[in-house]
Amino acid sequence: MNKIRVISKKDIETHLNMLDAVRAVEETYILNAEKEIVLFDTVFYDFEEGKADMDIKSGTIDKAGIFGFKLMSWFGDNAQKGMDTLVGNIMLYDRKTGSPIALLDGASITGMRTGAAGGIGTKYLARQDSTEILMVGAGNQAPYQIAAHLMLMDGIKRVNIYDAMSYDSAVKFCETIKERLFNDFLSRFANGSDLYNELTKKYDIVFNPVSDIESAVKNADIIITATPSREPMIMKEWLKPGTHLTCMGADMVGKQEIDENIFAVARVFADDIEKTSKTGEMEIPIKKGVFSKDDIICEIGKVINGENPGRLSESEITLFDASGLAAQDLITAKELLSKANQDNFGVVIEL
Numbered sequence: 001m002n003k004i005r006v007i008s009k010k011d012i013e014t015h016l017n018m019l020d021a022v023r024a025v026e027e028t029y030i031l032n033a034e035k036e037i038v039l040f041d042t043v044f045y046d047f048e049e050g051k052a053d054m055d056i057k058s059g060t061i062d063k064a065g066i067f068g069f070k071l072m073s074w075f076g077d078n079a080q081k082g083m084d085t086l087v088g089n090i091m092l093y094d095r096k097t098g099s100p101i102a103l104l105d106g107a108s109i110t111g112m113r114t115g116a117a118g119g120i121g122t123k124y125l126a127r128q129d130s131t132e133i134l135m136v137g138a139g140n141q142a143p144y145q146i147a148a149h150l151m152l153m154d155g156i157k158r159v160n161i162y163d164a165m166s167y168d169s170a171v172k173f174c175e176t177i178k179e180r181l182f183n184d185f186l187s188r189f190a191n192g193s194d195l196y197n198e199l200t201k202k203y204d205i206v207f208n209p210v211s212d213i214e215s216a217v218k219n220a221d222i223i224i225t226a227t228p229s230r231e232p233m234i235m236k237e238w239l240k241p242g243t244h245l246t247c248m249g250a251d252m253v254g255k256q257e258i259d260e261n262i263f264a265v266a267r268v269f270a271d272d273i274e275k276t277s278k279t280g281e282m283e284i285p286i287k288k289g290v291f292s293k294d295d296i297i298c299e300i301g302k303v304i305n306g307e308n309p310g311r312l313s314e315s316e317i318t319l320f321d322a323s324g325l326a327a328q329d330l331i332t333a334k335e336l337l338s339k340a341n342q343d344n345f346g347v348v349i350e351l
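Sequential numbering from 1 applies to the sequence shown in the working numbering.
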């Protein structure tokens, strides 16, 4: 019989903090840049366009001794039923035996690792004197992006929130974001620890809803996009010298959040060149001929490990294009499983 540990959403929210996620994702990026990870093609299916879809991301990581997959689905109408709109799970298997070893809630890990991924891109590419962030999108991912960015960047004093669907959504987001940062992220660290005290100060800044995206872009040092948009919202002409963009929303063919011409003037980095060139923000610029895969500087893992430089000057525009890697979920899940085995949380069942 195979024994498998089941780790629930509640377990993950108690035992996985953003620093854990950042460490796991940085490790993933380095391993991927060093070709130590094999990723398989994503399976995607639209049940109802714009209303319900699912995807399966999978891979194998020999150094971590695991392979596995994540199946996530999004059902927009679930909100009206009082249910989560994003649901799914992660399965881990032993690389040596093929035996299943863990089943984990997928949504909570996805949120943390995606937030960590965006924050890492900004950490290594943005100007270190940046003070103002523009968060484009006020949906599920926005709190995770903000939590990670504020943890990893020093000196941020203001975060502007723009939501293309509704200004009211941006207003409501700003009314609750501080409470969410403290309850959902800060609470996972030991009260009174140095990191807890540091984050308490970093999270206590100005959050401001904006309706004029052009003006907000012109003032931003860092721009984060996390929307399902299929039309560009940010134009090249609006960007000031030295701006950094972290693009997280485009994760399948046809999605686009920013003007394709930005790619012609930016120093561009990817989480995974092969995957992102096909399904990331750069997919459309490549198809339109304003950018090519050869123009990508490198994968972010090569910046993290010191093999390639990131930003070269204070005036250049940098761009991090991330469409998400299954390995981020798998390594984060593996780290959480190790912690669960040590601290004995979750439930062990026999199959």
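Ideal Cβ positions, reconstructed from N, Cα and C, are used throughout, including at glycine.
Practice task
Please report the residue range of the beta strand (DSSP E) in which R230 lies.
Solution key: 230-234
Exercise for the section: Along the alpha helix (DSSP H) that carries Q328, what are the first and last residues, could you check? Expected result: Its alpha helix (DSSP H) spans residues 326-343.
Handout entry: Spatial distance of K202 from L39 (CA atoms)
Key = Here the alpha carbon of K202 sits roughly 36 Å from the alpha carbon of L39.
Problem - Residue(s) in a DSSP beta bridge with G346 - result: Bridge partners of G346: none, in fact.
Handout entry: Residue of I297, P228, A270, G106 minimising C-alpha distance to M252
Key = P228
Exercise for the section: Please name the residue in F44, I177, F67 whose C-alpha comes closest to that of L150. Expected result: I177
Problem - C-beta contact flag for A322 and D271 at 8 Å - result: yes
Practice task
May I ask you to verify whether the region 168-185 touches the region 135-146, counting CB pairs closer than 8 Å and requiring at least 3?
Solution key: yes
Practice task
Note down the Cα distance separating K35 from G121, rounded to an integer number of angstroms.
Solution key: 19 Å
Exercise for the section: Report the rounded CA-to-CA distance for N388 versus E299, giving the unit in angstroms. Expected result: Because the chain spans 1 through 351 in this model, residue 388 falls outside it and cannot be assessed.
Problem - Backbone CA spacing between N160 and I90 [nearest angstrom] - result: 33 Å
Problem - Every unbroken beta strand (DSSP E) inside the region 242-270 [3 residues or more] - result: Taking only runs of at least 3 residues, the beta strand (DSSP E) segments lying wholly in the region 242-270 are 244-247, 256-258, 266-270.
Handout entry: Exposure of C340, with buried meaning 16 or more beta-carbon neighbours within 10 Å
Key = The sequence as given places Ala at residue 340; Cys does not occur at that position. Looking at its Cβ environment, which holds 16 or more other Cβ atoms inside 10 Å, A340 is buried.
Practice task
Over the uninterrupted alpha helix (DSSP H) stretch that includes T28, give me the two end residues.
Solution key: 18-33
Practice task
Determine, using beta carbons only, whether A250 and G289 come nearer to each other than 8 Å.
Solution key: no
Handout entry: Start-to-end residues for the beta strand (DSSP E) that takes in K70
Key = 66-75
Problem - Backbone CA spacing between E257 and I146 [nearest angstrom] - result: 18 Å
Problem - Inter-stretch contact at 8 Å, needing at least 3 Cβ pairs: the region 192-209 / the region 231-238 - result: no
Exercise for the section: Return the CA-CA distance between M408 and E179, expressed in angstroms with no decimal places. Expected result: In this structure the chain extends from 1 to 351, so residue 408 is not present and cannot be described.
Exercise for the section: Go through its chain and collect everything with a Cβ distance to L337's Cβ below 6 Å, but skip five positions before and after it. Expected result: A102
Problem - G155 burial status per 10 Å Cβ neighbour count (16 or more: buried) - result: exposed
Handout entry: contact_flag[the region 324-333, the region 60-67] where n(CB pairs < 8 Å) is 3 or more
Key = yes
Problem - Beta-ladder partner(s) of G59, from DSSP - result: G59 pairs with L39, G68.
Problem - Limits of the unbroken beta strand (DSSP E) element including A102 - result: First-last of the beta strand (DSSP E) with A102: 100-105.
Problem - Beta-carbon spacing of I7, L104 below 8 Å - result: yes
Handout entry: Short Cβ contact (8 Å threshold) for I273 with K287
Key = no
Handout entry: Spatially closest choice to T42 from Y162, E26, L325, A79, by CA coordinates
Key = L325
Handout entry: Exposure label - M165; buried when at least 16 CB within 10 Å
Key = exposed
Handout entry: Presumed contact (8 Å Cβ cut-off) between M18 and A116, rounded CB distance
Key = 6 Å
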